[in-house]
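Read the structure below first, then the notes.
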Amino acid sequence: MCNLDYNDNNKDIFTSIVRVKGSAKYKVVPVKSSEEVDRSLWIELSKVLARIYVSTPIKVGNIICKNILNTGIDIICTRDLTD
23 MCNLDYNDNN
33 KDIFTSIVRV
43 KGSAKYKVVP
53 VKSSEEVDRS
63 LWIELSKVLA
73 RIYVSTPIKV
83 GNIICKNILN
93 TGIDIICTRD
103 LTD
């Protein structure tokens, strides 16, 4: 039997999308946190990212938002976009 107790570790890599501005080909780009983030912050992270737009070209690993919510964690792009 597998013993997975997610209540012990309330942190995980946060993934989301950010809107792309000025591209006919792409509307959103996937992003993730550079480190594990406490799950209690995920709603606030989503609110911040909802206000962010990026433009093409963008590469995997580019920092979309540095030190989000003063956590010391960056939000990075996880897909290459070229227009």
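When we follow the numbering used here, the leftmost residue of the sequence shown carries the number 23, and every step to the right adds one.
For glycine and all other residues, C-beta sits at the position ideal for the given N, C-alpha and C.
All values derive from a computational prediction rather than experimental measurement.
Considering residue i, what are the terminal residues of the beta strand (DSSP E) in which it resides?
| i | result |
| --- | --- |
| V53 | 50–60 |
| I95 | Taken as a continuous stretch (DSSP letters only), I95 belongs to no beta strand (DSSP E), as it is neither H nor E. |
Under 7 angstroms, do residue i and residue j count as touching if we go by C-beta distance?
| i | j | result |
| --- | --- | --- |
| I35 | S55 | yes |
| V53 | I97 | yes |
Within a Cβ cutoff of 8 angstroms, which residues of the same chain sit near residue i, ignoring the five residues on either side of it in sequence?
| i | result |
| --- | --- |
| I74 | V40, R41, I86, C87 |
| N32 | D60, R61, S62 |
| V70 | C87, I90, L91 |
Starting from residue i, follow its DSSP beta bridges and name the residues at the other end.
| i | result |
| --- | --- |
| S38 | V53 |
| V76 | V42 |
| K33 | D60 |
Check each candidate in the options and name the one with the smallest Cα separation from residue i.
| i | options | result |
| --- | --- | --- |
| N92 | T104, T37, L63 | L63 |
| N89 | L67, T37, D105, A72 | L67 |
Who are the Cβ neighbours of residue i in its own chain at under 7 angstroms, not counting the five residues just before and after it?
| i | result |
| --- | --- |
| V51 | I39, V40, V42, V76, I80, C99, R101, L103 |
| D105 | S45, K47, T78, P79 |
| V82 | C99, T100, R101, D102 |
| E57 | I95 |
Is residue i close to the ligand SAM? I mean its beta-carbon at under 6 angstroms from any heavy atom of the ligand.
| i | result |
| --- | --- |
| N32 | Among the ligands in the structure shown, none appear at all, so the ligand SAM cannot be discussed. |
Enumerate in chain order the residues of its own chain whose CB-to-CB distance from residue i is below 6 angstroms, with the five nearest sequence positions on each side excluded.
| i | result |
| --- | --- |
| G44 | S77 |
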